[in-house]
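Q: Be aware that the sequence shown starts at 12, since it is given in the working numbering, and climbs by one per residue. Submitted below is the structure of interest, expressed as structure tokens.
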Amino acid sequence: MANVSVDVTVIRNELPPAPPLWDTMAIWMQQLLQDTEPLKSTRKMLDGERLRQLIITTTGLTPPEVDPPGNLMGLLEFMQQQSLITPTDGMLDELHDMSYDAWTEVLWSLFLRQQGRANGGEESASQEETVTILLEWVRNKCPEANLPDASALKDQGIVVQLIRNSLPEDQASSKSESSEDSLRVSFERVYNELQIPPMISAERFSQGEDADEREFVMYLTEIKNRLHGREEKITTVLEESMREKVFTDPSIEFSFDMIENTHVRTTTHGARGELVEGETVEMHEGGKKESKKKKKKKKKKHGKKKSERRSEHHKYFHDNPDGAVNFVAEYEGIPPTEVDPDGVRVTVTKEMSRYELIHVMLKKGFTWQEGKKHTHKHHKHNHHGGHGSDGGNSSSSSSSSSSSSSSSSSSSSSD
12 MANVSVDVTV
22 IRNELPPAPP
32 LWDTMAIWMQ
42 QLLQDTEPLK
52 STRKMLDGER
62 LRQLIITTTG
72 LTPPEVDPPG
82 NLMGLLEFMQ
92 QQSLITPTDG
102 MLDELHDMSY
112 DAWTEVLWSL
122 FLRQQGRANG
132 GEESASQEET
142 VTILLEWVRN
152 KCPEANLPDA
162 SALKDQGIVV
172 QLIRNSLPED
182 QASSKSESSE
192 DSLRVSFERV
202 YNELQIPPMI
212 SAERFSQGED
222 ADEREFVMYL
232 TEIKNRLHGR
242 EEKITTVLEE
252 SMREKVFTDP
262 SIEFSFDMIE
272 NTHVRTTTHG
282 ARGELVEGET
292 VEMHEGGKKE
302 SKKKKKKKKK
312 KHGKKKSERR
322 SEHHKYFHDN
332 PDGAVNFVAE
342 YEGIPPTEVD
352 PDGVRVTVTK
362 EMSRYELIHV
372 MLKKGFTWQE
382 GKKHTHKHHK
392 HNHHGGHGSD
402 GGNSSSSSSS
412 SSSSSSSSSS
422 SSSSD
């Protein structure tokens, strides 16, 4: 029998990790479009509808409808006509390939148009003009600082001083704090006062990692613009639930029915080991459980994905008390062994959804992606690590690897 040679092309539906600049821009988009959470990657930009809404919001213009979905050519031509961007050869292909560089170039052009309008014009501001205006504002806020050029915006000492001078009520910082803690306290203050989520990672910033200048320009410009509009009513995308209020301030008087979360999601494994959605269990009067078996999936999906709905409503640490203890320990910066497993914060944590847990981490000065990472880390832990062990606040113990693997598979559906 003759040998047959077959060429196989493997197509991977994967994206590389998002660069920090994308995370910054994703939060900027979230604020503008009132999204529930920032985009993890460029994948959800492909249908063109989100880009169209961004053009409307940042320019006040009405671009053509995206028909059929994914027809980005019409939007690029419109942006070129409005002097927003000059498409380069291959840009359309790069956008369809979900290139972070291509998408950040498009989004940056819309940010500059937004700043041009904020400065009283109808045309886009240049990057140089945007940076010049920002530097002038920072110099006025920090007259003692040395700001020769835009590179000074990446000086963490200047960023901390700028926020302290802009929000002088802040007395929480002290000289004994590490640079990371000092930054996080400052970002926490900005979020709680101005409702601007952290757009830069305090951990990465404090470690001296090289950052894109545009990350700082976007974050500090958002602070400047929000401060200038403080007399106007500011609303936040992330509405605070009663559970979040009690978690943040355990001294608040409350009854359990005020924080109880009746949404519970369970997961099981099918005969072949595949992950299968279980039953939606809701608690009713008298403590009785009532189950509603999940209907079969329909081919056509409507509205939000199920995983997104779960993240907003269902208990994230259901049947995982150790994960709740570890989450509280990380939030308070203490070992898990020092956390009262029957305390108010742990009790509330057990009732909170993933969305609420990430939100309280935002209020602590973490970025959305950091909050998501820390929350998921504790959800993955099995039930044998325990709050009484040193391993409770790190990875799951190797002695229970099989249980940990099962728990990790189950938790991944919640993210």
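Glycine residues also receive a C-beta, built at the ideal position from the N, C-alpha and C atoms.
Going by beta carbon distance, what residues of the same chain come within less than 8 Å of K256, once the five residues before and after it are set aside?
A: So the list reads I263, once near-sequence residues are dropped.
Q: Given this structure, state the Cα-to-Cα distance separating A434 from E116, to the nearest angstrom.
A: Only positions 12 to 426 of the chain appear in the structure, and residue 434 is not among them; the question remains open.
Q: Between which residues of its own chain and L106 is the CB-CB distance below 6 Å, once the five residues before and five after are set aside?
A: Result list for L106: L83, A113, in chain order.
Q: Please say whether K165 and E233 have beta carbons closer to each other than 8 Å?
A: No, Cβ-Cβ distance for E233 and K165 is not below 8 Å.
Q: Look up V339 in the DSSP assignment and say whether it is helix, strand or coil.
A: Looking at V339 - three-state DSSP - the assignment turns out to be helix.
Q: Give me the Cα-Cα distance between L86 and Y342, rounded to the nearest whole angstrom.
A: Those two C-alpha atoms are separated by around 43 Å.
Q: Determine the extent of the alpha helix (DSSP H) in which G168 is found, giving its start and end residues.
A: Per DSSP, G168 belongs to the alpha helix (DSSP H) from 167-177.
Q: With three or more beta-carbon pairs closer than 8 Å as the criterion, would you say the segment 202-211 touches the segment 370-382?
A: Flag = yes, the segment 202-211 and the segment 370-382 touch.
Q: By alpha-carbon positions, which one of P352, T348, P159 ends up nearest to N331?
A: Ranking P352, T348, P159 by Cα distance to N331 puts P352 first.
Q: DSSP three-state label for K374, please.
A: Note: K374 maps to coil in three-state DSSP.
Q: In this structure, what does DSSP give as the bridge partners for K326?
A: DSSP, once it has assigned bridges, lists S364 as partnering K326.
Q: Report the start-end ranges of each alpha helix (DSSP H) in the segment 35-118 that is 4 residues or longer and not cut off at the edges.
A: The qualifying runs are 60-70, 83-92, 102-107.
Q: Can you tell me the Cβ-Cβ gap for S436 and P30, rounded? I've got them flagged as a contact below 8 Å.
A: The chain is shown from 12 up to 426; residue 436 falls before or after that span and cannot be answered.
Q: Report, in whole angstroms, the separation of the C-beta atoms of R237 and I207, which I expect to be a contact under 8 Å.
A: 6 Å between Cβ atoms; contact.
Q: With H, G and I counted as helix, E and B as strand and the rest as coil, what does DSSP make of V275?
A: Strand.
Q: N227: which of M36, P28, P74 sits nearest, CA to CA?
A: At residue 227 the sequence reads Phe, which differs from the Asn that was named. It is M36.
Q: Using DSSP with H/G/I as helix, E/B as strand and the rest coil, what is G382?
A: Reduced to three states, the DSSP call for G382 is helix.
Q: Between the Cα of K326 and the Cα atoms of T273, V339, G382, which residue gives the shortest distance?
A: Here the closest residue by C-alpha is T273.
Q: Extract the residue ranges of the beta strand (DSSP E) inside the segment 177-242, only unbroken runs of 3 or more that lie entirely within it.
A: Listed in chain order, nothing qualifies, since the segment 177-242 has no complete beta strand (DSSP E) run of 3 or more residues.
Q: Given a cut-off of 8 Å, decide if W148 and K235 are closer than it, judged by their beta-carbon atoms.
A: The answer is yes: Cβ separation under 8 Å.
Q: So A161 and L178 are supposed to be a Cβ contact under 8 Å. How far apart are they, rounded?
A: So it is not a contact: roughly 23 Å between Cβ atoms.
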